[in-house]
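I have placed the structure first, in the form of structure tokens, so that the comments after it can refer back to it.
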Amino acid sequence: MRSAVRPRGGQPRDEAAAAAPSRGPRRSRRERVIRSTQWTAWGFLAPVVAYLGLFYAYPLYRNIDLSIRSYTVTSFVSGNAPFAGFANYRAIFANPTFAPALLNTAVFVFVSIAFQFAIGLGLAVFFHRNFRLSGLLRALFLVPWLLPLLVSASTWSWMLNSDSGVVNAFLQAVGLSPIDWLTSPTWSLGAVLIANIWIGIPFNLVIMYSGLQGIPPDVFEAASIDGASGWQRFWRITFPLLRPVSAITLLLGFVYTLKVFDIIWIMTRGGPATSSTTLAIWSYQLSFGSLLPDFSSAAAVGNVLIVIAVVFALVYVRARHRLEAL
Amino acid sequence: MKHRPAWLTAIGVGVTAVMLFPVYWMVNVSLTQTSNMRKSPPNLIPVDGTLDGYTVVLRQQLPYLGTSLLVGLGTVALTLVLAAPAGYSLAKLRPRGGGVVNLLLLVAQMIPAIVMAMGFYAIYIKLGLLDSVWGLILADSTIAVPFGVLIFSAFMSRIPDELLQAARIDGAGSLRTFGSIVLPVSRNGIITVSLFAFLWAWSDFLFANTLDNGGSLQPITLGIYAYIGNNNQQWNAIMATAVVASVPAAVLLVLAQRYVAAGVTAGAVKD
């Protein structure tokens, strides 16, 4: 349709471009095509970009604004709070909860990821042997990950209950003394870690399993013909080949675990005292979890969390560049 | 076919049983009589079980379940409408600056939900959207939209270019092409995204508790939370609600297991 109209409009330009016969008009037509496809491309993209601006950038902006002003409950509604600069940040760094919250966050994230990844990878290698029923069992392994976090958290709270929990009943049955999982400062972080590791294993299993499937089978065959043992095959071949998949799994695990809120809040509310308070929990305690919400401090804590996540993402990007450069 | 040793299957069943023990325990407790709840050691199987917990659910939790269903479906609709065209654009139309959008989508997923909740709260107070189902749908969609775009662009980049060119030659405009070619062949992507969007909205607790905890329509996660928060000792009712709240997860797993795995991997191991 369009090409039928084109020659007429194109003619004068053909004459003008006589010095460079036939190249000029074609390029201008291509430019016009590119411009119109750019319009189309951005037309399809515009809703999401607007959405990102309205529902990510603006809340984020509001959050930064909260953190650099001193809002009270009333000024939170009215919106005119005095500018405070970094005072809120200084206050949270000096707060006695900050150090334990940061430490708990670090322990929670690294222990969770270490166990989730090691167990997930082990299971992936195991299921990769494709025995009878392996597909069905692998599917069942997804269940903990698909359950609402609130459901898993309340189930674990009841299982870890000091007096009537099945875990303590088991410990007693094998001759150990029961543990106050959720009510003793020594164990509360361990208790939420157990639940969180349990929830994260399926995710690691699925990704690492698909990573394993991406390795051509002849690689393993060649290695076993060369006489490599199962252990050697894993450390010398499987593990190095899985490095890119592992890196992305660990990064995603890091980002998700840093944000964990539901599990800890349901199981311990960050307590007793601050023994299982992470930065995410602390931020919630300061804002919605308090009768006199201090949204400014809560927002500052939340922004610290974002900075940590972004720093690790940048470390990941750099590490990947270095890997690719090798 | 290679030999498949039975002992591997035995170990596999054992490991899976350990992994799923908490799920079994949830069902077991939901069927236990209140009088047996504090028994030591607890009954490993529900001897003289009861459905009391479930009758309580039927009596008290149905409105919550309805709200969750509504919020889940609303989130799915909003996510699909936003994410599918964007995924198509990023996968096939090469918009200038598309890389930046991709990066923003990744960064968006790093923002902790608590930060989003505070931002939304501040905005909703002004707009009067607090305690409304629409506000909750909007907030829940932020969990799923960035993921949805990434999944759609991963699925749609596999559509052969010849197919789209053929449509163009036949005179289809870009909207036509999108509606009658791209969407139908992206069925798997649509299913995967819908599934996760629904599941995440259904499971959301933080947005519900911060943006809708005074609303007349509350989702099931708040129903469970209200039980726990009231220091309710009716653990069979709590666990029965938990079992019912897990039904969508179970249904999706049975009906759409391969899409679940596809979603996890496409989101993570895309490039």
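Which chain is which? The protein sequence lines are S and Y, in order.
Mapping to numbering that gives the first Met the number 0: the first sequence position 238 is 237, numbers consecutive.
Mapping to numbering that gives the first Met the number 0: the second sequence position 260 is 259, numbers consecutive.
Using N, Cα and C, we set each Cβ at its ideal position, and we do this for glycine too.
Close beta carbons around residue i, own chain, < 7 Å, minus the five adjacent residues each side
| i | result |
| --- | --- |
| Arg61(S) | none |
| Asp261(S) | Leu148, Leu149 and Ala152 |
| Pro20(S) | For Pro20(S), the predicted model reports a pLDDT of 45, less than 50, meaning its position is unreliable; a value from the coordinates is still stated below. If we look at Pro20(S) and ignore the five residues flanking it on each side, it has no Cβ neighbours. |
| Asn35(Y) | Asn42 |
| Tyr258(Y) | Asn187, Ile190, Thr191 and Leu194 |
| Phe119(Y) | Ala138 and Leu210 |
Simplified DSSP assignment, three categories, for residue i
| i | result |
| --- | --- |
| Arg68(S) | strand |
| Arg114(S) | Note that residue 114(S) corresponds to Phe in the displayed sequence, not to Arg. Helix. |
| Phe82(S) | strand |
| Thr39(S) | helix |
| His127(S) | coil |
| Gly118(Y) | helix |
| Asn195(S) | helix |
| Leu313(S) | helix |
| Gly23(S) | For Gly23(S), the pLDDT reaches just 47, beneath the cut-off of 50, and the residue's location in the model is therefore unreliable, although a value from the coordinates is still provided. Looking at Gly23(S) - three-state DSSP - the assignment turns out to be helix. |
| Val300(S) | helix |
| Lys91(Y) | helix |
| Thr240(Y) | helix |
| Phe140(S) | coil |
| Ile206(S) | helix |
| Arg167(Y) | helix |
| His320(S) | helix |
| Phe287(S) | coil |
| Lys125(Y) | helix |
| Gly172(Y) | coil |
| Ile158(Y) | coil |
| Arg146(S) | First, the amino acid is wrong: residue 146(S) is Leu here, not Arg. DSSP places Leu146(S) in coil when its eight states are reduced to three. |
| Ile63(S) | helix |
| Gln232(Y) | coil |
Within chain S, partners of residue i - CB distance below 8 Å
| i | result |
| --- | --- |
| Gly11(Y) | Phe125, Phe126, Phe130, Leu132, Ser133 and Leu136 |
| Ala248(Y) | Val142, Leu145, Leu146 and Pro147 |
Closer than 9 Å at the beta carbon, the chain Y residues around residue i
| i | result |
| --- | --- |
| Asp162(S) | Arg37 and Ser39 |
| Gly234(S) | It should be noted that the sequence gives Trp, not Gly, for residue 234(S). Per Cβ cutoff of 9 Å: no residues; Trp234(S) is ~21 Å from chain Y at best. |
| Trp155(S) | Pro21 |
| Ser196(S) | The identity of residue 196(S) in the sequence shown is Ile, whereas the question assumes Ser. Here the premise fails: no neighbours, minimum Cβ distance about 11 Å. |
Contact set between residue i and chain S, taken where Cβ atoms lie within less than 7 Å
| i | result |
| --- | --- |
| Ile113(Y) | Phe260, Ala279, Ser282, Tyr283 and Gly301 |
| Phe204(Y) | Leu148, Leu149 and Asp261 |
| Met155(Y) | Simply none; closest approach about 11 Å. |
| Tyr53(Y) | Those do not exist, as Tyr53(Y) stays about 15 Å from chain S at its closest Cβ, beyond 7 Å. |
| Pro4(Y) | Phe130 |
| Ala244(Y) | Pro147 and Val150 |
Cβ neighbours of residue i in the same chain (closer than 8 Å, five flanking residues each side left out)
| i | result |
| --- | --- |
| Val132(Y) | Thr66, Leu69, Val70, Gly73, Asp211, Gly214 and Leu216 |
Residue interval of the alpha helix (DSSP H) (run including residue i)
| i | result |
| --- | --- |
| Asn208(Y) | Leu205 to Leu210 |
| Ala107(Y) | Gly97 to Ala107 |
| Ile150(Y) | Val132 to Met155 |
| Trp199(Y) | Arg186 to Ser202 |
| Phe20(Y) | Ala5 to Ser29 |
| Ala172(S) | Val165 to Ala172 |
| Trp180(S) | Careful: Trp180(S) lies outside any alpha helix (DSSP H) and carries neither H nor E. |
| Leu81(Y) | Leu61 to Tyr87 |
| Val244(S) | Arg242 to Lys258 |
| Ser275(Y) | The structure shown has nothing for residue 275(Y), since chain Y only spans 0 to 270. |
| Ile44(Y) | Ile44(Y) -> no alpha helix (DSSP H), and no H or E assigned at all. |
| Gly229(S) | Gly229 to Arg232 |
| Met350(S) | The displayed coordinates of chain S run from 0 to 325. Any statement about residue 350(S) would go beyond what the structure contains. |
| Val218(S) | Pro216 to Ile224 |
Close Cβ partners of residue i (< 6 Å) along its chain, the five nearest in sequence each way excluded
| i | result |
| --- | --- |
| Ser286(S) | Pro292, Phe294 and Ala297 |
| Gly147(Y) | Thr78, Ala82 and Val192 |
| Met158(S) | Gly164, Val165 and Val166 |
Amino acids of chain Y, ordered along the chain, whose beta-carbon sits closer than 8 Å to that of residue i
| i | result |
| --- | --- |
| Tyr315(S) | Those do not exist, as Tyr315(S) stays about 11 Å from chain Y at its closest Cβ, beyond 8 Å. |
| Pro271(S) | Here the premise fails: no neighbours, minimum Cβ distance about 16 Å. |
| Ile305(S) | Met109, Ile110, Pro111 and Val114 |
| Met158(S) | Pro21 and Trp24 |
| Ile342(S) | Because chain S spans 0 through 325 in this model, residue 342(S) falls outside it and cannot be assessed. |
| Pro58(S) | Val114, Met115, Met117, Gly118, Phe119, Ala121 and Ile122 |
Interface partners of residue i on chain Y, CB under 7 Å
| i | result |
| --- | --- |
| Leu51(S) | Leu103 and Ala107 |
Per-residue contacts from residue i into chain S (C-beta, under 9 Å)
| i | result |
| --- | --- |
| Thr220(Y) | Pro147, Leu148, Leu149, Val150 and Asp261 |
| Thr209(Y) | Tyr283, Ser286 and Phe287 |
| Tyr224(Y) | Leu149, Ser153 and Ile265 |
Contact with chain B by residue i, beta-carbon distance below 8 Å
| i | result |
| --- | --- |
| Pro84(Y) | No chain B is present in this structure, whose protein chains are S and Y. |
field: Interface residues of the stretch 116-141 of chain Y facing chain S [CB-CB below 9 Å]
entry: Ala116, Met117, Gly118, Phe119, Tyr120, Ala121, Ile122, Ile124, Lys125, Leu137, Ala138, Ser140 and Thr141
- prompt: In the stretch 89-107 of chain Y, which residues sit with their C-beta less than 9 Å from some C-beta in chain S, listed in chain order?
  reply: Leu89, Lys91, Leu92, Arg93, Pro94, Arg95, Gly96, Gly97, Val100, Leu103, Leu104, Leu105, Val106 and Ala107
task: Using a Cβ-Cβ cut-off of less than 8 Å, give me the residues of the stretch 160-194 of chain Y that come near chain S, in sequence order.
output: Gly170, Ser173 and Phe177
Positions along the stretch 169-186 of chain S whose CB lies within less than 7 Å of some CB in chain Y: Ala172
task: Quick one: which residues of the stretch 61-75 of chain Y get their C-beta closer than 9 Å to a C-beta of chain S? List them in chain order.
output: Across the stretch 61-75 of chain Y, no CB contact with chain S closer than 9 Å is found for any residue.
- prompt: Quick one, which residues of the stretch 237-255 of chain S are near chain Y if we go by CB-CB under 7 Å, in chain order?
  reply: Listed in sequence order: Val244, Ile247, Thr248, Leu251 and Val254.
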